[in-house]
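Down below is the structure, laid out as structure tokens.
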Amino acid sequence: MTISMYQASAPRFASMLRNLSAILDKAQAYCEAKKIEPAVLTGSRLYPDMFPLSRQVQIACDTAKGAVARLAGMEIPKHEDTEQTFDELKARIAKTIDFIDSARPAQIDGSEAKEIVLKLRDREVKFSGVQYLLGFAHPNFYFHATTAYDILRHNGVDIGKRDFIGNP
């Protein structure tokens, strides 16, 4: 049995983003129960030179929508990166999932050898579709989703591996 580029991309990103949204729900409830200003958590970082929770969520969304768009030959939606509250971050996730869900398998399947060119700061990097998905987009996406989880867990939100992985 083989796995298609579509199966390895869009549904995986959407599933993980749904889990991330559910984790943000738990973080919001935690703030309400503990009488913590939500901006404390959305602005929290694991280390001073790392991005805060809000930016981790934004980058996870950007990586997912960018990967799906590039593989499918679609225009990447632009988001303003202004989200600061849990509700705004969850709305960003929902918009990203809606976009991902709009991609059809036929648009992504067969993109294994498609040339993907990324501008990374001062250089261009070229990938085949499968190299891009598995060697760049997935690791980048999971790095930021994991860091968002870690920030919340570090701050006492009662979440665990089941919340991160969800129901496969």
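In case it helps, the working numbering puts the sequence shown at residues 16 to 183. Glycine residues also receive a C-beta, built at the ideal position from the N, C-alpha and C atoms.
The continuous stretches of beta strand (DSSP E) do not include S126, and DSSP gives it neither H nor E. Within the model, the alpha-carbon separation for L133 versus I74 is close to 15 Å. For A44, the closest C-alpha among the options G171, R177 and L135 is that of G171. Counting only residues of its own chain and dropping the five nearest sequence neighbours on each side, T162 has a CB closer than 6 Å to the CB of Q71. When the beta-carbon positions are compared, R33 and I112 come within less than 8 Å of each other.
Annotation note: the region 17-46 contains the following uninterrupted alpha helix (DSSP H) runs of length 4 or greater, listed N- to C-terminal: 20-23.
CA-to-CA, the gap between I38 and D178 works out to about 7 Å. Look at the beta carbons and you see the region 46-66 not touching the region 140-157: under three pairs across the two are nearer than 8 Å.
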